[in-house]
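Residue numbering for the sequence shown follows the numbering used here, starting at 8 and increasing by one per position. Using N, Cα and C, we set each Cβ at its ideal position, and we do this for glycine too.
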Amino acid sequence: METISHQQLVQEWDAMIREHGWANLADNLNCESGLIALGDKQLPYTRNRMTKETLCYTISTRTHYYDYLREEMDIVGLRFTKLFLMPPLWFIGLLLRFAKVDKAFTINNFGLSTNLFPKDSKTSQWEEVVSKVEKSNPNHAILVRSINKGLNPSEYDALIGCGFKPMFARNVLLFPFKPIEQFPKGKRRQILRDERLVEKLDLRWESVDNLNDEQALRIANLYDQLYLGKYSQNNPRFTPLFHTECASRRILHYQMLLDGDQIIGVLGMIVVDGVSTTPILGYDHGHQHANVLYRIITARITRTCSDNNFHRHASSGANKFKKLRGGVTNEEFTMVKTSHLSLWRRLNWGLIRFMAQKIGRPLTHKFET
């Protein structure tokens with residue numbers, strides 16, 4: 008499996024959106040998007056506005072910190088604790104509206120759960136692009152998503168220097184940058200046990216460079232079963248066309264898990280400058296072995312990264328499961344710059360950030376450990 012540069016990804020991604028439009032690729036990612044220069048590089052951006060429509064959490068701060076959080080409380084089964092959390096959550100909802108949080112310009116935002124960053128960006132380049140965005144979008148908050156100190160220490164420091172403030176978003180898992188055979192014994196044993204299930208259940212893996220219509224439709228369905236059905240309708244709602252285009256443009260590397268000729272699982276991996284993330288993952292929840300398919304797929308991801316010497320960014324979700332197999336928790340932040348906004352909006356943004364840092368952050372750690 009080959010890695011591509013951040014610039015190759017940006018060029019193919021932008022060409023795909025220009026040709027087809029978000030409405031045909033993922034309807035809840037439908038907002039203004041384009042490219043902006045960072046030195047001699049190009050970064051994708053999204054520019055949003057306040058709307059009554061519930062958009063995907065990757066382009067909507069309101070969805071991320073309100074709608075998504077409400078669903079998450081039901082998923083993790085907080086029960087009585089939810090009664091105590093609903094009043095502050097309702098208050099957060101008010102603050103989000105008062106701050107007009109979705110009136111925002113987000114730099115390096117692909118609209119995926121995890122954004123990967125270009126290599127060797129300089130502080131002076133970030134200062135230049137932030138100044139440009141601030142002048143041309145005086146009424147928009149400026150955001151940078153997907154920053155964690157494990158992979159992005161220089162970007163974190165550069166953005167702090169540009170006047171950004173960190174707002175806790177979620178915990179993500181990063182895997183050791185070494186072969187599986189060098190993992191601690193207990194972690195290694197879990198992964199190898201998961202891998203052996205493929206042979207035990209008479210399944211097989213198949214990698215594909217291009218998807219036909221039937222495969223793309225099935226992959227979209229498997230992703231929907233997991234990310235929209237089990238998790239949240241506020242995740243990206245990718246269409247079959249999205250998968251067809253990402254495969255043919257080499258944006259995503261697709262691997263399908265087959266039971267005979269039937270596709271029962273899928274993973275779609277992006278590898279940028281040696282760092283991998285897997286925004287597409289799904290499996291057949293009605294299959295007789297549905298209870299172990301997630302284990303099989305994540306073991307395949309770990310093996311692919313191990314064999315190809317990739318850094319693995321495992322995003323969030325199933326954090327306890329991933330930690331048992333070698334994942335290391337890193338806090339991820341949305342970096343926020345609001346100093347150019349009105350006092351009223353700055354105050355509300357400040358309260359939102361305070362609640363994310365002082366309430367959301369410790370609660371997330373509590374329920375994921």
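* Asked: Taking just the CA atoms, how far does I270 sit from R225?
  -> Within the sequence shown, numbered from 1, the residue matching residue 225 stands at position 218. Within the sequence shown, numbered from 1, the residue matching residue 270 stands at position 263. Cα-Cα distance, rounded: 7 Å.
* **Status (buried if at least 16 other CB within 10 Å, exposed otherwise) for K207** => Position 200 of the sequence shown, counting from 1, holds the residue named residue 207. It is exposed - the Cβ of K207 has fewer than 16 other Cβ atoms within 10 Å.
* Taking just the CA atoms, how far does L350 sit from M57? -> Your numbering for residue 57 matches position 50 in the sequence shown. Your numbering for residue 350 matches position 343 in the sequence shown. Approximately 18 Å, taken between the alpha carbons.
* Can you tell me whether W97 is buried or exposed, with buried defined as 16 or more other CB within 10 angstroms of its CB? -> Start at 1 with the first residue of the sequence shown, and residue 97 comes out as number 90. Exposed, by the Cβ-count rule.
* On the three-pair Cβ rule with 8 Å, is the stretch 58-76 touching the stretch 98-114? -> yes
* Contact belief for F175 with R368 at Cβ below 8 Å, rounded distance in angstroms -> For this step, residue 175 is matched to residue 168 along the sequence shown. For this step, residue 368 is matched to residue 361 along the sequence shown. Confirmed, about 4 Å.
* **Residues of its chain near D6, where Cβ-Cβ distance is below 7 Å and the 5 sequence neighbours each way are ignored** => Nothing in the structure corresponds to residue 6, since the chain is present only between 8 and 376.
* Measure the CB-CB distance between L36 and G118 and report whether it falls below 8 Å. => Mapped onto the sequence shown, residue 36 falls at position 29. Mapped onto the sequence shown, residue 118 falls at position 111. For L36 and G118, yes; Cβs fall inside 8 Å.
* **Alpha-carbon to alpha-carbon, V137 and R203** => As a working mapping, residue 203 is identified with position 196 in the sequence shown. As a working mapping, residue 137 is identified with position 130 in the sequence shown. One C-alpha to the other measures close to 49 Å.
* Asked: Can the beta-carbon of H320 be found closer than 8 Å to that of T371?
  -> Start at 1 with the first residue of the sequence shown, and residue 320 comes out as number 313. Start at 1 with the first residue of the sequence shown, and residue 371 comes out as number 364. Not in contact: H320 and T371 (Cβ atoms no closer than 8 Å).
* Asked: Does the Cβ-Cβ distance between Y52 and N241 come in under 8 Å?
  -> For the purposes of this step, residue 52 is identified with residue 45 of the sequence shown, where counting begins at 1. For the purposes of this step, residue 241 is identified with residue 234 of the sequence shown, where counting begins at 1. For Y52 and N241, no; Cβs fall outside 8 Å.
* By Cβ distance below 6 Å, which residues in the same chain neighbour T336 in space, the five residues on each side in sequence not counted? -> Taking the first residue of the sequence shown as position 1, residue 336 is located at position 329. Cβ within range, chain order: N178.
* Cα-Cα separation between I187 and R195, rounded to whole angstroms -> Numbered from its first residue, the sequence shown carries residue 187 at position 180. Numbered from its first residue, the sequence shown carries residue 195 at position 188. Just so you know, the alpha carbons of I187 and R195 end up roughly 6 Å apart.
* Rounded to a whole number of angstroms, what is the C-alpha to C-alpha distance between I43 and L248? -> Taking the first residue of the sequence shown as position 1, residue 43 is located at position 36. Taking the first residue of the sequence shown as position 1, residue 248 is located at position 241. Going by the C-alpha atoms only, they are around 26 Å apart.
* Compute the minimum distance between the beta carbon of F374 and the heavy atoms of the ligand SAM, and state whether it is under 7 Å. => In the structure shown, the ligand SAM is absent, as is every other ligand, since no ligand is present at all.
* Going by Cα to Cα distance, which pick from Q15, M23, Q18 is closest to C253? -> Residue mapping note: residue 253 aligns to position 246 of the sequence shown, counting from 1. Of the candidates Q15, M23, Q18, the one whose C-alpha sits nearest the C-alpha of C253 is M23.
* From V282, M263, N217, pick the residue whose C-alpha is nearest to that of N122; which is it? -> Within the sequence shown, numbered from 1, the residue matching residue 122 stands at position 115. When each option's Cα is compared against that of N122, the closest is V282.
* Asked: Does the beta-carbon distance from V17 to L150 come in below 8 Å?
  -> The residue labelled residue 17 in the question sits at position 10 within the sequence shown. The residue labelled residue 150 in the question sits at position 143 within the sequence shown. No. Outside cutoff.
* **N298 classed as buried or exposed, judged by whether at least 16 other C-beta atoms fall within 10 angstroms** => Walking along the sequence shown from the start, residue 298 turns up at place 291. N298 is exposed by the Cβ-count criterion.
* Enumerate in chain order the residues of its own chain whose CB-to-CB distance from S379 is below 6 Å, with the five nearest sequence positions on each side excluded. => Since the first residue of the chain shown is 8 and the last is 376, residue 379 is not available in this structure.
* Starting from L378, follow its DSSP beta bridges and name the residues at the other end. => As displayed, the chain neither begins before 8 nor continues past 376, which places residue 378 out of reach and without an answer.
* Whole angstroms is fine: what's the gap from N31's alpha carbon to L229's? => Start at 1 with the first residue of the sequence shown, and residue 31 comes out as number 24. Start at 1 with the first residue of the sequence shown, and residue 229 comes out as number 222. Cα-Cα distance, rounded: 19 Å.
* Rounded to a whole number of angstroms, what is the C-alpha to C-alpha distance between I359 and L265? -> Here residue 359 corresponds to residue number 352 of the sequence shown, with the count starting at 1. Here residue 265 corresponds to residue number 258 of the sequence shown, with the count starting at 1. Near 45 Å, if we compare the C-alpha coordinates of L265 and I359.
* With DSSP collapsed to three states, give me the class of S349. => In the sequence shown, the residue the question calls residue 349 occupies position 342. Looking at S349 - three-state DSSP - the assignment turns out to be coil, as it is neither helix nor strand.
* Which residue from L274, K237, Q197, N155 puts its Cα closest to that of E338? -> Numbered from its first residue, the sequence shown carries residue 338 at position 331. If we check each option's Cα against that of E338, N155 comes out closest.
* **Beta-carbon proximity of R307 to L331, cut-off 8 Å** => By one-based count along the sequence shown, residue 307 stands at place 300. By one-based count along the sequence shown, residue 331 stands at place 324. In this structure, L331 does not lie closer than 8 Å to R307 by Cβ.
* Asked: Does the beta-carbon of P145 have 16 or more other beta-carbons within 10 angstroms, so that it is buried, or is it exposed?
  -> Position 138 of the sequence shown, counted from the start, is the residue given in the question as residue 145. Exposed, because fewer than 16 other Cβ atoms sit within 10 Å of the Cβ of P145.
* Below 8 Å on the Cβ atoms is my guess for K142 versus R352; work out the distance and round it to an integer in Å. => To locate residue 142, count along the sequence shown from 1; it is residue 135. To locate residue 352, count along the sequence shown from 1; it is residue 345. Contact doesn't hold; Cβ gap of about 18 Å is too wide.
* Is DSSP giving K207 helix, strand or coil here? -> By 1-based counting over the sequence shown, the position of residue 207 is 200. Note: K207 maps to helix in three-state DSSP.
* Identify which residue in F184, N326, S40, R302 has its Cα closest to the Cα of K379. => Summary: the structure shown does not reach residue 379, with the chain confined to residues 8 through 376, and so no result is reported for it.
* Quick one: measure Cβ to Cβ for M8 and V278, integer angstroms, because I've assumed they're closer than 8 Å. => For the purposes of this step, residue 8 is taken as residue 1 along the sequence shown, with counting starting at 1. For the purposes of this step, residue 278 is taken as residue 271 along the sequence shown, with counting starting at 1. At roughly 7 Å, the Cβ-Cβ gap stays under 8 Å, so M8 and V278 are in contact.
* Asked: In terms of residues, what are the limits of the beta strand (DSSP E) holding E338?
  -> Position 331 of the sequence shown, counted from the first residue, corresponds to residue 338. From DSSP, the beta strand (DSSP E) with E338 extends over 335-344.
* **C-alpha gap between P243 and A33, whole angstroms** => As a working note, residue 243 is residue 236 in the sequence shown. As a working note, residue 33 is residue 26 in the sequence shown. One C-alpha to the other measures close to 6 Å.
* Counting contacts by CB-CB distance shorter than 8 Å, is V151 in contact with chain B? -> Of the protein chains in this structure there is only one, and it is not chain B.
* Beta carbon of S128 nearer than 8 Å to that of E162 -> Against the sequence shown, residue 128 aligns to sequence position 121. Against the sequence shown, residue 162 aligns to sequence position 155. It is a contact, given that the beta carbons lie within the stated cut-off.
* To do: Could you check if L101 is buried or exposed, using at least 16 other CB atoms within 10 Å of its CB as the buried criterion?
  => Taking the sequence shown and counting its residues from 1, one reaches residue 101 at position 94. Residue burial is scored here from C-beta neighbours: L101 has fewer than 16 other C-beta atoms within 10 angstroms and is therefore classed as exposed.
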